[in-house]
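Everything on this sheet refers to the single structure shown next.
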Amino acid sequence: MAGEGFVAPHVDYAGIAPVIALTVGLVVILMSGVFPTTKRWAPGLAVLTLGATAGLLLWHWDDNISLVAGALRIDDLAISISLIAILSAFTTILLSVRERAAEEAGQGEYYALLIGSVLGMVLLAEAQNLVTFFVAIETLSIPLYILCATNLRREGSLESGLKYLIVGSLGSATLLYGMAFIYGGTGSTDFAGIAHGIEVKGMLHDPLILIGIALASVGLAFKTSIAPFHQWTPDVYQGAPTPITSFMAVATKAAAFAVFVRFFVVALGPETGDWQTGLAILAAISIVVGNVGALAQSSLKRLLGYSGVAQAGYMLGGIVVASEKGVSSLVFYLAAYLFMNLAAFAVVVARERETPFGDDIRGVRGLGAERPALAWPLTISMLALAGLPATAGFIGKLYLIEALVEGSFTWLAVFIAVGTMISLAYYLRVIAAMWMSPGETATATGAAGAPGPAPIISGASPEADPVDPQAGGRWYLVAPAVLAAGITVFLGVIPQPLVDFATHAGASLF
Amino acid sequence: MSATAWAWLVLLFPLAGSILIALGFRRTSWRFAGIVGTGAIALAFLCGIVALINLLGESPDARHHASSLWEYASVAGLQIKLGIYVDPLSVFMVLVVTGVSTLIHLYSFGYMQSDAGYHRFFSYLNFFVFSMLLLVLAGNFVLLIVGWAFVGFASYALISFWYRRTTATRAGMKAFVINVVGDIGLVLAAFLIFQHLGTFEYTEVFAKAPHVFHANQWSVTAICLLLLVGAFAKSAQLPLHTWLPDAMEGLTPVSSLIHAATMVTAGVYLIARTHVLFVLAPTAADIAAFVGLATLLVAASIALVMTDLKRAIAYSTMSQIGYMVVGVSIGAYSAGMFHLMTHAFFKALLFMAAGSIIAAMANEQNIDKMSGFGKAMRFTSVTMLCGGLALAAFPFTSGFFSKDEILAYASARGGMYLIFTILGYFGALLTAIYTFRLIFRVLRGEPCAEAQELIDTGHVHHAAPFNPASGEAEDTDIGFPGAEHHIAEQSPPMKVAMGILAFLALFAGFIQVPGVDKAITNFLSPVFSDSPLAAIEPSTGAAWFGLLIGGLVSLAGIGIAYWLYVASPATPRRLQERFAAVHTFLYNKWYFDEAIDILVVRPALAVGRFANRVFERYVIDGAITGGAEETIGRAGAIVRTFQNGIVRTYGLFLVFGAVGLALYFLIQQS
Amino acid sequence: MNIDWYIVLSALLFTIGAIGILVRRSPMVILLCLELMLNAANLALVAFSREVGNGQGQVFALVVMVIAACEVVVGLGLIVAIFRRKLPLDVDDLRELRG
Amino acid sequence: MINALLWVPLAFGVVGLFLPKRAVGWWATAGALATLVIGVIMAFGFDNGAAGLQDTVNTTWISGLGVNYSLGIDGLNLFLVLLTALLWVGGIAFAAFREQERPQLFFFLMLAAETATLGSFLSQDLLLFVLFFDLMLVPFYFLFGAWGVDRSAEGGPTPAQATLKMMIYTLIGSLLMLVGAIATAIISAHGGHLTFSIEAIQHQGVPLGSQRWIFWFFAAAFLVKMPAFLVHGWMPDAYRAAPLPVLVVFSGVLAKVGAYGFLRVVLPLFPQATAQFQTVILLVALASILYGSVMAFTQTNVRLIAGYSSVAQLGFITAGIFALRADGSDGAVLQMVNHGLVVAPLFIIVAILVERTGTEDLRSMGGMAMRAPVLAALFLIVALATLAMPGSANFIGEFYILNGLFQSKIVFAFIAISGVAMSAYYALRLYQGTMHNRKPDGVASREISLRDGIVLAPLVLCILGLALYPQLILHRADPSVQQSVSAVTGGEQLTSTIHQSDRQPGEFEEDQIQVQVIR
Amino acid sequence: MEAVIFFIAAIGAVVGAIGVVAARNPFYSVLALISHLFSLAVLFLLLTSAFVAAAQVVVYAGAVMVLYVFVVAYVGSAQEPTWDPVPGQRLFAGLLAFFLFVEISAAVLSSALKALSTHGPDVPAGFGYPAAIGNLLLEKFLVPFEASSVLLLIAAVGAIVLANRKPRSGPQAGDGVVSSGHSAPKARPEGATPAPASQSEPLGAPK
């Protein structure tokens, strides 16, 4: 194989156009950051890049082709996940307007890193072999390590960055080690090759493969913040600049789940019987841990972090059943999750900037009377996350549960039900704060400390002092919130389009 | 128009009257209410007469008609029509009810004049008459139950008519709840009947029963016993009688109409109506008879010592109903109904008189405080005497014939049933004694202050209104006992009513005299002809012998009463001291209230308190809700303690997870 | 020398690296320990690539080196930032976020 | 038509959001009235004899998941729908006569709640049913929470806490029900085409093994909703927190959805399981009857007296359904409507009383009949209906229920009927305690205002009307009920069966003779 | 012969690794790591992957380590106290790591894969030589190759973002004090005065 003359691989430039677009965009934005004049174009450029990429991706809708010597494969799953990531990134850009972190890092760098992360996600969603997979996952993570730390003034920001880096690297090291074993066991780094290798080499149920699967799933579970590998989630979510948190909450999860599905369903398809129950147990654990963990949180970002853990548990169900419906339900849920979270985070950002409470729940007290335009989105998103009807959340749960029951994992479905029940306790607490308790803004205009010192776990540290008392009215915060909430409800009433979308994505794997 | 059509009219008038008065309470005068109320009942009475005539026009065995307006609730195999059943028995009852009611309405027209709740009173009273008629005319058990409950409600409403008297409301509640117990008995009986006969219609039930059940089969016995629960509750037979004395809280006209003349006799009617079943269940019938007997004696014994005028009469009512129950249970149907009728007359009369006197006493009911009204209130005392004589079965008064006919029948049936005769006469003795105890103590002797005032000034005595039961001052908002009271002497309507009744009390007995005529028996015979017991009949001689004994007993009783309360007034006190224990026992009404209180009421309330204070708090809120919260909260705390912010701990957990997962994957295969 | 020896060795190194991350508190040393783990993985990859006889593992190893370098750079950058921020270079003391 | 019925309220509510404060109340009332009118029109178009569904709508909603948007009316839900429409008119009008804060939102939520409730009654698709069943809760969560009464002063919960409790309690059930519903569809599909249509599933059937656990998932949802004994923990707090106009519709209708669910879903889809667990559910029902009654006559808070009385009433209804006889279930359907018709006015009256007395403690009320005879009269009628006075439709309802119970499980009937006596006590206690006895100081004994009269009178008239002709409901409900019940009993004719031991007297004598011969 | 080298190298690697973990002083840890890397390079050679070995020496032991040394020199190498504040941390760390090791080795040794207990197949000459690796990199692994280059760029940017702080944010070091008002006490050289600048400075305005 080696030695003979070099034969350049056929590169389908149309196919990798999205990737190229992102790369180019990244470089351009970086450049723009250099000169003070062009600096403020950076957000615009970033939006442009994302738009272009989205367009290119949509252009490839429904054609499943593998690119560049089988390193990548652009199919509906990849596209749908990439689109989710891009949408999330887009919102993040909106939320980052006037965000201190962006200033600290310098516009150019900030958005370049964001785009870089998106690039990683797109690659990850399309990855077809272990090497690409690993590179992509790092391309996804490393910018995030940095972005978390970009609000250099907030100790919490640095802390979260470092924590994320350390645990993250530990995770990826484990993942890598697992990959090594899988490669060793099957002699191939291609997903297809692995599946093939497992069968022909008679490696089915072989310890070598199994240990590989175990370690790899640790790494993936870490990225998707499945308990007990979730512990970074609340801390990092709380410490990171809120726009970045929203990005991590949705996009990272989506991309990681995409590769999770691909890797397990395609590469480890033959081993399904071995890993199903294992993952199911993980799912159950994170449902419980996430939901009970969120109960007593007073920092909204932290609360959303824990709820993210629980939600990840639900979504893992879609992988557990390893069926087409499972994958579709996963994609559906991810899409729904995107909108629910965006609405919530947009509101959090707004309140963070206009109240002295940071992301503390006191910040949304009496919001219903004060700023309905923010209260409704947050309300809807909470109801949706709690899986109440007439929201996308309900349909998503319905979809997942249907997949689970069909895959005869009813017990996990019951877990989801019970978990949801617990989750009401904290989602509704937020709603109650908004509608059923008087506003506290009046009493606490002085400082966060006015009504007793802010609890330690709350993110209400004075660096988060109001940077923009009018934030609650800014279009770039209200519009995303309202829009996302609207879509959440719309998809709860007319889910058919998204269902079709998801079914396509699911079908592309089987 | 057929008899049934008239029967429907009988039902219609009182109902219409009730609604009319109720709706017009704002705009119309009290006179309007009184006239409409009385008129409606009078019309109903006339319709009853017409129905009777219609019925008499037919051959005896064709004298029963069923008629229904619409399907009330008929699905899934049940069939419940809104239907009535007209036969001699129901017509008889209709006449008694409407007749007496008319007079009592007339009486109330005067008696209630100064009551603010005048409209309400007449509306209720008409509604009661309607319910009572519904009860007697009902064509199936469900409708019977409806009427049954309606009269119960009417009695409740009228007992607690002066609803700011706590005693009154409490008494009303008691009456209602006990009556509901009775209703439940009937409902269960109906279910059982349906289970075996598949219908609720009288005609079908009575037609099928003899073929379906055999004598003393458990099911038919059960049915009869359940029916008896209803009957006893309504007719204040042991042990469900305690509500009746308390019901005397109600207005005197009400006591006389509902709690003497009509409603309380519904139990008797029920037994007579369902005699077919009782014939099939002799055991049940005997039980009924013995309960009746017991009630008869117990009530009479209590009546001996009661110092509250109305309560004393109430106990005598119980005792008299005891006679009727005995009668209809052992088979003396027509005799029972006869006594029902006569009793309606003289007992209503007695209450009216009592009401008149109480009014004169400014609402005081304690006979110890009364005396000498004989002079003060001529008319009242005369009428009261008539009633008393009838009640005491003084020879040739109505009570004399009716009561003794029952006892004569008992002796004629012989065997075990002689007990009823003997004890019946003993009861008669007691009756005579307590009746004349009242009469002597109230009418004779030196006029008391109130009486004197009446004699001197001709004005009814006035006093600050107070509640005789509790002694607390009255809330005069709701009028009566209000500004002025009304006594027969000064109120023509009352006079008329009492006069008519006095006449009836004395002479109504002559329509059924052994050997001479037996109008009632003949009239009712088509109803009871199917019962083998109806055939039994004492010979005229035996009957007259019985009457003789009865007469002597009654005279003896009156004599004793005279000796005790007139000749040597000290004796009663001595007797009291001599038999203190007995006296207190009787005075406390055999401690029935206390017993029920301890056996039923307190336990129920205790359970309630337990459920409220302990179970709800510690089990529902504590264990179930709190437990769940606790567990979840704990779990949350644990999760958060591991979330200690130290990155190395997170690493530790990650590795731990890796180890665990790897272990799982490795062992699941081997 | 048989391949499995190499693998076991790499496992040993991997676990030593893990221990390092768990017990050391200086972020720098932790980064070094990460290097250990990645290198252990590299060793495994190379060994396996020898065992299966294709070069993919080696390429993978090379890529891993690059990535390791990136992580180091970012990590060191963070460390410098923290240092500049006058915060202690001790991961245990960075625990404002918890609960 | 049926679509209009379902969506008109919501439409009005949405429009109402943009109206001025003063107008919105009337607008909402108009919306409720419009709904009622539509409902009545449909009722007139209803074919009485038929058992099947009428004017159905059925279109695919989520094709991928086999969920259809299918509605329909039959004997089971016809009158419940009417009841819903009627009570909402009452509740909304009653609220419209009073000052509400943030009225636009208030009435929007009320009307949204109506749509959700109607949806759960109308939907013929299992999943749609579950969806509406859960959805119902959301508006009430806000109504109770944001407009509720704060009890923290008297050591009670705040509205937020109370409603949170309610939500969690009720959603335990309904989430499990969601799983159950999906499982039902998938299992019954046997790998074939997945559908949630109740009829289809009934046709395909569910294997007994699965029925067993699914049954309990559904039962959990319905029993909590009612609420039944042991899972009623949310009721006291919620009832004390709720704003009274909302409580009118809440207690009037929502509890019935649970009972209705048993008839609509559980009996047809899980017949064997139903038969198997009959006794257990009956025990729960019995416990509810006794416990509810006992609590009702020891409570002193007027709301809770009414609340616990509904626990008892729902116990009766459940018992009737699980007598598994047509008459029992007929009675249950009738009783659902009746109870709605009495408990709603009851709460309106409670609201009026509270306004006049400024307290909810029975002990510090009383003597109001004097100056408010009309109110007293209306209250009296309602109270009598509550205690199932013979002659009221409630009596017929309980009569049928108990008869069914009596014929199938005699012992239960005997115990259950004791609840009737207790109901007499607590209903009268409530009436007397407020209307009769001495009037404490500070009690403003005013006559009912004309406006409230307008709200209250129609409801009372409905009670009277039904009292005269309960057949109206029974007759229409019966065919559908027969259908549901026969699913369990295997369709044997459910008329009364003569007891075996009964025989002709003739035979009896022969037996005796034989006996003698043997001797 | 081969075995001997293996063992020497292996021991070197292990010792180096332990050195990294054990050394109190970061500087020594770095040195230990370098030695470790060298011995790994030897092992790579044994596994006939010359290019990797070379890269190992050049990139790692060379470039990366130098970076380390610089940073260590910059932030100063503080002695880390020997005791561990987190109770049981070391114990569990050791135990878990041990288990992990056992599991992995067990997996390896119990694997059914024949090739594991061989030297591996005979490979063509030039296996693992730059040419072969190069081909692979530019054919099969073109994407990862390019991607990792982008990643390097990102990392560089990141390093700049984090490490280079504009002079204006100097005083804001003070924020830390305010910020950590409720966090573990720390050595804080400069005073506790919150910088008013941080409040009033208009953001988004061009500096």
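Chains as they are written, first to last, in the numbering used here: chain A, 664 to 1173; chain B, 98 to 767; chain C, 51 to 149; chain D, 1467 to 1985; chain E, 3 to 209.
Every residue, glycine too, gets a C-beta built ideally from N, C-alpha and C.
So which residues of chain E does isoleucine 129/C contact, with C-beta pairs closer than 7 Å?
Residue numbering aside, residue 129/C sits at position 79 when the third sequence is read from its first letter. Under the 7 Å cutoff, chain E gives Val73, Val77.
Just mark valine 125/E as buried or exposed, buried being the case when its beta carbon has 16 or more other beta carbons within 10 Å.
The residue given as residue 125/E occupies position 123 in the fifth sequence. Buried, because 16 or more other Cβ atoms sit within 10 Å of the Cβ of valine 125/E.
Residues in the same chain with beta-carbon distance under 6 Å from histidine 790/B, minus the five sequence neighbours each way, listed in chain order, please.
No statement about residue 790/B is possible, as the shown extent of chain B runs from 98 to 767 and does not include it.
Taking C-beta pairs closer than 8 Å, name the residues in chain B that asparagine 1903/D reaches, listed in chain order.
Against the fourth sequence, residue 1903/D aligns to sequence position 437. Those are Tyr260, Arg261, Thr263, Thr266, listed as they occur along chain B.
Going by the beta-carbon positions, is the gap between leucine 93/C and alanine 15/E smaller than 9 Å?
Position 43 of the third sequence holds residue 93/C. Position 13 of the fifth sequence holds residue 15/E. Their beta carbons are under 9 Å apart, which means leucine 93/C touches alanine 15/E by this criterion.
With respect to the beta strand (DSSP E) encompassing lysine 178/B, which residues constitute its N-terminal and C-terminal limits?
Sequence index remark: in the second sequence, residue 178/B carries index 81 (1-based). Looking at the DSSP string, the run of the beta strand (DSSP E) that includes lysine 178/B is 178 to 183.
Could you have a look at glycine 1538/D and say whether DSSP puts it in helix, strand or coil?
For the purposes of this step, residue 1538/D is identified with residue 72 of the fourth sequence, where counting begins at 1. If DSSP states are grouped into helix, strand and coil, glycine 1538/D belongs with the strands.
Closest Cβ-Cβ distance between glycine 149/C and chain E: below 9 Å?
Counted from its first residue, the third sequence places residue 149/C at position 99. No, glycine 149/C lies away from the interface with chain E (no Cβ there is under 9 Å from its Cβ).
Just to confirm before moving on: does the CB-CB distance between glycine 244/B and leucine 222/B stay below 9 Å?
Sequence index remark: in the second sequence, residue 244/B carries index 147 (1-based). Sequence index remark: in the second sequence, residue 222/B carries index 125 (1-based). Going by C-beta atoms, glycine 244/B is not nearer than 9 Å to leucine 222/B.
What first and last residue would you give for the alpha helix (DSSP H) that runs through isoleucine 1747/D?
Residue numbering aside, residue 1747/D sits at position 281 when the fourth sequence is read from its first letter. That run of the alpha helix (DSSP H) goes 1737 to 1762.
Only counting runs of 4 or more residues, tell me where the alpha helix (DSSP H) segments fall wholly within the region 823 to 885 of chain A, in order along the chain.
Complete alpha helix (DSSP H) runs here, min 4: 854 to 863.
If we define contact as Cβ-Cβ less than 9 Å, is valine 102/C a contact residue for chain A?
Taking the first residue of the third sequence as position 1, residue 102/C is located at position 52. Answer yes: the Cβ-Cβ gap between valine 102/C and chain A drops below 9 Å somewhere.
Going by C-alpha distance, which of Val1523/D, Phe1512/D, Phe1560/D, Asn1524/D is nearest leucine 1542/D?
Numbered from its first residue, the fourth sequence carries residue 1542/D at position 76. The shortest C-alpha separation from leucine 1542/D is found at Phe1512/D.
For phenylalanine 1608/D, return the contacting residues in chain A, with the cut-off set at a CB-CB distance below 7 Å.
Translated into positions along the fourth sequence, residue 1608/D becomes position 142. Correct list: Trp1098.
Using 10 angstroms around the beta-carbon of tyrosine 1607/D, count the other beta-carbons present and answer buried if the total reaches 16, otherwise exposed.
Locating residue 1607/D in the fourth sequence gives position 141, where the first residue counts as 1. That one is buried.
Per DSSP, which residues does glutamate 168/B bridge with? Please list them.
Start at 1 with the first residue of the second sequence, and residue 168/B comes out as number 71. Answer is Lys178/B, bridged to glutamate 168/B.
If contact means a Cβ-Cβ distance below 8 Å, which residues of the region 128 to 148 of chain E contact chain C?
Result list: Phe129, Gly130, Ala134, Ile135, Leu138, Leu139, Lys142, Phe143, Pro146, Phe147.
Any Cβ of chain C within less than 9 Å of the Cβ of aspartate 1131/A?
Translated into the one-based positions of the first sequence, residue 1131/A becomes position 468. No, aspartate 1131/A does not count as interfacial toward chain C.
Using a C-beta to C-beta distance shorter than 7 Å, which residues of chain B count as neighbours of leucine 873/A?
In the first sequence, the residue the question calls residue 873/A occupies position 210. Ordered by position in chain B, the residues that pass the 7 Å Cβ test against leucine 873/A are Phe762, Leu763, Gln766.
In terms of DSSP beta bridges, what is isoleucine 737/A paired with?
Within the first sequence, residue 737/A is the residue found at index 74, counting from 1. DSSP output for isoleucine 737/A lists Ile728/A as bridge partner(s).
Please state whether the Cβ-Cβ distance between arginine 432/B and serine 499/B is less than 9 Å.
As a working note, residue 432/B is residue 335 in the second sequence. As a working note, residue 499/B is residue 402 in the second sequence. The question names arginine, yet the displayed sequence has alanine at residue 432/B. Cβ atoms of alanine 432/B and serine 499/B: closer than 9 Å.
Sorted by chain position, which residues of the same chain lie with C-beta nearer than 7 Å to leucine 757/A's C-beta, five sequence neighbours on each side aside?
Here the question's residue 757/A lines up with position 94 in the first sequence. Once the five neighbours on either side are set aside, the close Cβ partners of leucine 757/A are Tyr1139, Pro1143.
Let me confirm a value: serine 986/A is counted as buried when at least 16 other C-beta atoms fall within 10 Å, else exposed. Which label applies?
To locate residue 986/A, count along the first sequence from 1; it is residue 323. By the neighbour-count rule (16 or more Cβ atoms within 10 Å), serine 986/A is buried.
Just verifying my parser: in three-state terms, what is the DSSP assignment at glutamate 298/B?
As a first step, residue 298/B is located in the second sequence; it is residue number 201 there, counting from the start. If DSSP states are grouped into helix, strand and coil, glutamate 298/B belongs with the strands.
According to DSSP, is alanine 1123/A helix, strand or coil?
Position 460 of the first sequence, counted from the start, is the residue given in the question as residue 1123/A. For alanine 1123/A, the predicted structure reports a pLDDT of 42, less than 50, and the residue's modelled location is therefore unreliable. A value from the coordinates is still provided. In the structure shown, alanine 1123/A sits in coil (DSSP, three-state: anything other than H, G, I, E or B).
Helix, strand or coil, according to DSSP, for valine 1697/D in the structure here?
Taking the fourth sequence and counting its residues from 1, one reaches residue 1697/D at position 231. It is coil, neither helix nor strand.
Starting from the Cα of leucine 1720/D, find the closest Cα among Thr1581/D, Asp1796/D, Leu1756/D, Trp1679/D and give me that residue.
Counted from its first residue, the fourth sequence places residue 1720/D at position 254. When each option's Cα is compared against that of leucine 1720/D, the closest is Thr1581/D.
For the beta strand (DSSP E) that glutamine 766/B lies in, which residues bound it at each end?
On the second sequence, position 669 is the one that residue 766/B refers to. First-last for glutamine 766/B: 744 to 766, but that is the alpha helix (DSSP H), not the beta strand (DSSP E).
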